[in-house]
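Below: the structure, in structure tokens.
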Amino acid sequence: MDETNNFLPLMLDLSGRKIVIFGGGSVGERKAELFCGCADTFVVSLDFSEKLQELGASGKVRLLRLDLSAATDTEIREIVSGAFLVIPATSSSELNRKITDIAVESDILINQVDALGSVVIPSVIKRGDLVIGISTLGHSPAVSKYTRRQIEGVITPAYSDMIRLQDELRTYLKLHVKEQRKRKALLWKVLESENVWNGFSESYEKAVENAYAIISDNLE
925 MDETNNFLPL MLDLSGRKIV IFGGGSVGER KAELFCGCAD TFVVSLDFSE KLQELGASGK
985 VRLLRLDLSA ATDTEIREIV SGAFLVIPAT SSSELNRKIT DIAVESDILI NQVDALGSVV
1045 IPSVIKRGDL VIGISTLGHS PAVSKYTRRQ IEGVITPAYS DMIRLQDELR TYLKLHVKEQ
1105 RKRKALLWKV LESENVWNGF SESYEKAVEN AYAIISDNLE
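One rule links them: number in our numbering = place in the sequence shown (from 1) + 924.
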């Protein structure tokens, strides 16, 4: 069986989780920027990019200065102890394999930048509370990037506004419409209404006005 069939997309709460990134270059920087807002993020390297130094100075990540080429297995084990995820992102494939082996021995999840590890980090699109992850499981980064561009052209900022509106309407309808099927139908009428979507281009308030007009017309 294709090993990629074992992967399942999940949304994880990483608050309080320890993420350890090895490598202070552009790849480590990109990974750190992704995780620093939602997890306790550590970056281990002898040198750090300018952006990583800024993240360290602001307290968003913790920088551990260490010559990894000379680091012992014991030192690496101590660093990854208690980690939820380890990301070997150094410029040395041999060193990355060494870090991977040590983490695997401790049953720690691995995201490998040059191979398929136990965790694949997708390309992420965020529009408020709408989060979309895109991955080809390492088979074609170009297709993943192309797909992201295509989706970004469709998923406008109005989607975030629609999520906010739908959340508001769900609360309102639960108080005024007993039948769940009817509530669902009304929410879909709003969701599929061009008047509501077009209203967002004017203002959120205009879209809300159009949405409640639809509900009012269908409750009479």
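Ideal Cβ positions, reconstructed from N, Cα and C, are used throughout, including at glycine.
As the structure is a prediction and not an experimental result, all values here were calculated from the model.
- DSSP places R1094 inside the alpha helix (DSSP H), whose first and last residues are A1082 to H1100.
- For R1107, the enclosing alpha helix (DSSP H) starts and ends at Q1104 to L1115.
- In this structure, DSSP gives L990 a state outside helix and strand, which the three-state scheme calls coil.
- Boundaries for P1012: no alpha helix (DSSP H) harbours it, while the beta strand (DSSP E) harbouring it runs L1009 to P1012, taken from the DSSP string.
- Distance from the CA of V1010 to the CA of S1140, rounded to the nearest whole angstrom, comes to 53 Å.
- Every alpha helix (DSSP H) stretch that sits fully inside the segment 942-980 and reaches 4 residues is listed by chain position as 950-959.
- Here I1003 has V944, V968 and L988 as same chain residues with Cβ atoms under 7 Å from its own Cβ, once five neighbours each way along the sequence are excluded.
- Put simply, of G980, H1100, A1131 and L1111 the residue whose alpha carbon is nearest the alpha carbon of G948 is G980.
- Relative to L1054, the option among K1069, K1113, S1015 and D1085 whose CA is nearest is D1085.
- A residue is called buried once 16 or more other Cβ atoms fall within 10 Å of its Cβ, and S973 is buried on that count.
- The shortest C-alpha to C-alpha distance from S1117 to any of I1075, Y1128, K1098 and I1138 is the one to I1138.
- Its Cα nearest to that of E1133, the residue V1120 stands out among V1120, S1125, N930 and Y1083.
- Linking E978 to C962 through their CA atoms gives a straight-line distance of about 17 Å.
- Relative to L1111, the option among G952, D937 and R1088 whose CA is nearest is R1088.
- With contacts defined by Cβ atoms closer than 7 Å, D971 and K942 do not form a contacting pair.
- By the neighbour-count criterion, in which 16 or more other beta carbons inside 10 Å mark a residue as buried, E953 falls on the buried side.
- By the C-beta criterion, the segment 1095-1102 is judged not to be in contact with the segment 1051-1065, since fewer than 3 inter-stretch pairs fall below 8 Å.
- Only exposed fits A1039, as fewer than 16 other CB atoms lie within 10 angstroms of its CB.
- In the structure shown, G940 adopts coil according to DSSP, grouped into three states.
- By the neighbour-count criterion, in which 16 or more other beta carbons inside 10 Å mark a residue as buried, F959 falls on the buried side.
- In the three-state reduction of the DSSP assignment, G1077 falls in the helix class, which pools H, G and I.
- In the three-state scheme derived from DSSP, where H, G and I count as helix and E and B as strand, L1143 is classed as helix.
- Separation of Y1083 and Q1090 (C-alpha to C-alpha, rounded to the nearest whole angstrom) is 10 Å.
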